[in-house]
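J.: Just so you know, the protein sequences line up as chains A and B, in that order. So in the numbering used here, spot 104 of the first sequence is number 104, and the numbers just go up one at a time. The number in the numbering used here is simply the position in the second sequence, starting from 1, with 1000 added. Where is the CB? At the ideal position from N, CA and C, for every residue including glycine.
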Amino acid sequence: ETGVTQTPRHLVMGMTNKKSLKCEQHLGHNAMYWYKQSAKKPLELMFVYSLEERVENNSVPSRFSPECPNSSHLFLHLHTLQPEDSALYLCACGPGKYNEQFFGPGTRLTVL
Amino acid sequence: AQKITQTQPGMFVQEKEAVTLDCTYDTSDPSYGLFWYKQPSSGEMIFLIYQGSYDQQNATEGRYSLNFQKARKSANLVISASQLGDSAMYFCAMREGLGSGGGADGLTFGKGTHLIIQP
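#1: According to DSSP, which residues form a beta bridge with G1033 of chain B?
#2: Mind pulling the chain B residues with CB within less than 9 Å of N57 of chain A?
#3: Is it right to say M1094 of chain B is buried, meaning 16 or more other beta carbons lie within 10 angstroms of its own, or is it exposed?
#4: So which residues of chain B does Q101 of chain A contact, with C-beta pairs closer than 7 Å?
#5: In three-state DSSP terms, what is G1085 of chain B?
#6: Beta-carbon within less than 8 Å of R9 of chain A's beta-carbon, same chain only, minus the 5 sequence neighbours each way: which residues are those?
#7: For E53 of chain A, does the three-state DSSP call read helix, strand or coil?
#8: Between the alpha carbons of Y1025 of chain B and I1116 of chain B, how many angstroms are there, rounded?
#9: Given this structure, state the Cα-to-Cα distance separating G28 of chain A from S71 of chain A, to the nearest angstrom.
#10: Roughly how many angstroms separate the alpha carbons of P42 of chain A and P1040 of chain B, rounded to a whole number?
#11: Can a CB atom of chain B be found closer than 7 Å to the CB of V12 of chain A?
#12: Can you have a look at L1084 of chain B and say buried or exposed, based on whether 16 or more other CB atoms are within 10 angstroms of its CB?
#13: Determine the direct distance from the alpha carbon of C23 of chain A to that of F75 of chain A, and round the result to whole angstroms.
#14: Comparing the C-beta of Y89 of chain A with each C-beta of chain B, is any distance below 7 Å?
#15: Which residues in the same chain as H1114 of chain B place their Cβ atom closer than 7 Å to its Cβ, once the five residues preceding and following it in sequence are excluded?
#16: Can you give me the C-alpha to C-alpha distance between E1017 of chain B and K19 of chain A, rounded to a whole angstrom?
#17: Give the single residue among A:L51, A:N57, A:M13, A:K40 whose Cα lies nearest to the Cα of W34 of chain A.
#18: Out of A:K40, A:R63, A:L88, which one is the CA nearest neighbour of A1111 of chain B?
#19: Along the chain, where does the beta strand (DSSP E) containing R108 of chain A start, and where does it finish?
#20: If the cut is a Cβ gap below 9 Å, which residues of chain A does Y1064 of chain B touch?
#21: V111 of chain A and L81 of chain A - do their beta-carbons sit closer together than 7 Å?
#22: Whole angstroms are fine: how far does the CA of F1047 of chain B sit from the CA of K1038 of chain B?
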């Protein structure tokens, strides 16, 4: 079983829709992360959860709402998004032996 | 100011040649870690190699090695004997404050280098 899974892999939504991204980790790590990857920009850290508590919110607009019900699952709830929110959303967990993070395959989001 | 700078947006390299991907970083924290990730077209970020700020030796992992020059604040990735499967985006990243935070801090990434290996 792969370490970090994300669903859906692709999502197209209108600006008035509400949708959720799901992340599941099978590695037993205590921290989980959401990153946003836009074209020609570095990965941006959005949220950090440690032991199911949010420890960092990197000035993300309130139209993005994270949820971490347990140490294996992380959600990103989306509502009234803007076209500029179109990006690859990557989930990660960690830390590993070298403080590294393990990433999922991402959800490619397109907002129309 | 950018914390991680990767000055090579794209590189073309002949198969079997060695390739060096540049990375410079900026931090005033004495305790930090540097990471390299590979991102194929599938999108998943794959961890390659790690260098801690207090490590005395350069990190190596198979065909990957990290040329760590602390005084210059550079952490270049060297890939020996490149293969067609090495074609991907490569990202340098840093985590500051390794002595605190319990390991939950996020990583700061550079913009990446698009490496293309030619047969």
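T.: Quick look at the numbers:
#1: Beta-bridge pairing links G1033 of chain B to B:G1052, B:R1095.
#2: The contacting residues do not exist; N57 of chain A stays about 11 Å from chain B at best.
#3: Buried: at least 16 other Cβ atoms inside 10 Å.
#4: The answer, in chain order, is L1107.
#5: helix
#6: P105, G106, T107, R108
#7: Note: E53 of chain A maps to strand in three-state DSSP.
#8: Answer to the nearest angstrom: the Cα atoms are 24 Å apart.
#9: 8 Å
#10: 16 Å
#11: no
#12: L1084 of chain B comes out exposed.
#13: 6 Å
#14: no
#15: P1009, G1010, M1089
#16: 46 Å
#17: A:N57
#18: Before going further, note that residue 1111 of chain B is Lys rather than Ala in the sequence given. Considering only alpha carbons, the answer is A:K40.
#19: 107-111
#20: Correct list: empty, because the minimum Cβ distance to chain A is about 13 Å.
#21: yes
#22: 7 Å
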